[in-house]
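Visitor: By my numbering, the letter at position 238 of the sequence shown is numbered 251, and the numbering carries on one by one without gaps.
Each residue gets a CB set at the ideal place from its N, CA and C atoms; glycine is no exception.
What follows is a single structure, and I will ask about it in a moment.
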Amino acid sequence: MTSGARKDVTLPPAHLPRRARRLLTAAYLLLVAAVLTDALSGPGTTVSPVLAAVPVLAGASTRAARVPLLAGLAAVVSVGLLAVTNRDISASVHVTALIAVVAATLASVANVVLVTARERELLQVRTVSEAAQRALLRPPPEQVGRVRIAVRYAAAAAEARIGGDLYDVVETSHGLRIILGDVQGSGLGVVETAADVLGVFRDAARTEPELTGLAGRLDAALARRPADGRFVTAILAGVPARPGPVELVNCGHPHPILRRAGVVTELEPPEHAPPLALLDLAGGRYRAGLFDPRPGDLLVMYTDGVSEARDAGGRFYPLAERLAALPAEDPDEVLEALLADVRNHTRTGLDDDAAMLALRWTH
């Protein structure tokens, strides 16, 4: 296959919601009733013009252009039969009905072709997007040593697969190095910035002995980018390979949450530091906070798409409260329940990308 070739995709079968199927069924029943009434009412009346709706209805539930075409042909035959039955009706009425049916058939066939082409194009875009997501946001290992890992990502755009939130988990000689971040802004530019951050992180996580040095590398790399004004809030975590304290470096990001024995607490940094790319402008430094994990501890890192999700009354999602109330212990189950709860809280869908990463110490 040449580089310019396009790989065709197969569309899934057309599926209509139950309500739509009921409405279409009611429309077909009305047409059948109209034709039967016409056949029984004698030669002085006709409802043949309503048969123009037949190809329209047929085209509403299919991706095959032949379906409305065949339905249109059947409607043309029906118009002819009604014309023979209703001989007292002016020929102009029958001709008008015939023209209406043919026009509706051609329009329905054209609409099916257009909709199918657009759906195929959208499916191709989504396929590429999913491949890009797998390359950019790689799934983390489910367990490394005594730590179980889970992640969830939900893009705000209905058809998007990737956005401005980012995460990664890298096994290194220094232990696990973890990042979860949020690129400021929207549009394709945030995806490019996220890709740059993850590229630097994957390299520097293996070579930088200190987590604060890793944060500094990320900040310097972003600061050297073209002046697009983008910055990145992020949490960096360092989990040692052997039992020992976990390091956390907070770069202007929402505080991670620790659930221990049912009690939820925010892990605040030793001092507040600016987001990545703003260290020179805002001043300050990156310092690592420490905590000693215990068996059963659950650490949840998240982006503001979770904590700032609003309900109809404008109230933020109470993440700490909901996390404390969850009975689930497995990090994958916890994040699945939280994401479903966030969506239920907003009702109308996410306004911002949402990412969560959870670690649970098993022993």
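1. Once the 5 residues before and after arginine 373 are set aside, which same chain residues still bring their CB inside 6 Å of it?
2. From threonine 98 to proline 68, what distance separates their C-alpha atoms?
3. By Cβ distance, which residues of its chain are closer than 7 Å to leucine 211, with the 5 residues on each side in sequence left out?
4. Tell me the rounded alpha-carbon separation between alanine 234 and alanine 290.
5. Under the rule that 16 or more other beta-carbon atoms within 10 Å means buried, what is proline 30, buried or exposed?
6. Taking contact to mean 3 or more Cβ pairs, one atom from each stretch, closer than 8 Å, check whether the segment 337-354 and the segment 285-303 are in contact.
7. DSSP state of glycine 362, grouped into three classes?
8. Taking the alpha-carbon positions, what's the alanine 123 to serine 105 distance?
9. Exposed or buried, what is isoleucine 112 when buried is set at 16 or more other beta-carbons lying within 10 Å of its beta-carbon?
10. Can you tell me where the alpha helix (DSSP H) with glycine 251 in it begins and where it stops?
11. In terms of residue numbering, what span does the alpha helix (DSSP H) encompassing glycine 194 cover?
12. State the Cα-Cα distance for the pair isoleucine 191 and glutamate 342, rounded to the nearest angstrom.
13. Following the continuous beta strand (DSSP E) through tyrosine 180, name the residue where it begins and the one where it ends.
14. I'd like the list of long-range same chain contacts for histidine 376, defined as Cβ closer than 6 Å, with 5 residues on each side in sequence excluded.
15. Do three or more CB pairs link the segment 273-281 to the segment 214-230 at distances below 8 Å?
Guide: This is what the structure gives:
1. Stepping through the sequence shown from its first residue, residue 373 is reached at position 360. Non-local C-beta neighbours of arginine 373 in its own chain, meaning closer than 6 Å and more than five positions away in sequence, comprise Arg161, Leu311, Pro344, ordered along the chain.
2. Numbered from 1 along the sequence shown, position 85 holds the residue referred to as residue 98. Numbered from 1 along the sequence shown, position 55 holds the residue referred to as residue 68. Cα to Cα, threonine 98 sits roughly 22 Å from proline 68.
3. Walking along the sequence shown from the start, residue 211 turns up at place 198. Excluding sequence neighbours, leucine 211 sits near Leu149, Leu179, Asp181.
4. One-based indexing of the sequence shown puts residue 234 at position 221. One-based indexing of the sequence shown puts residue 290 at position 277. Rounded to the nearest angstrom, the two C-alpha atoms are 8 Å apart.
5. Along the sequence shown, read from residue 1 onward, the residue named residue 30 stands at position 17. Exposed, because fewer than 16 other Cβ atoms sit within 10 Å of the Cβ of proline 30.
6. no
7. Taking the sequence shown and counting its residues from 1, one reaches residue 362 at position 349. DSSP places glycine 362 in coil when its eight states are reduced to three.
8. Position 110 of the sequence shown, counted from the first residue, corresponds to residue 123. Position 92 of the sequence shown, counted from the first residue, corresponds to residue 105. Rounded to whole angstroms, alanine 123 to serine 105 spans 27 Å at the Cα level.
9. Taking the first residue of the sequence shown as 1, we reach residue 112 at position 99. Exposed, by the Cβ-count rule.
10. Reading the sequence shown from its first residue, position 238 is the one you call residue 251. Per DSSP, glycine 251 belongs to no alpha helix (DSSP H); it is in the beta strand (DSSP E), 245-252.
11. Within the sequence shown, the letter at position 181 stands for residue 194. No alpha helix (DSSP H) holds glycine 194; the beta strand (DSSP E) holding it covers 188-196.
12. Here the question's residue 191 lines up with position 178 in the sequence shown. Here the question's residue 342 lines up with position 329 in the sequence shown. Taking the Cα positions, isoleucine 191 is about 21 Å away from glutamate 342.
13. Here residue 180 corresponds to residue number 167 of the sequence shown, with the count starting at 1. Segment 178-185, the beta strand (DSSP E) holding tyrosine 180.
14. In the sequence shown, the residue the question calls residue 376 occupies position 363. Counting only Cβ-Cβ distances below 6 Å, and skipping sequence neighbours, we find Arg159, Pro308.
15. Cβ pair count under 8 Å is below three, so no.
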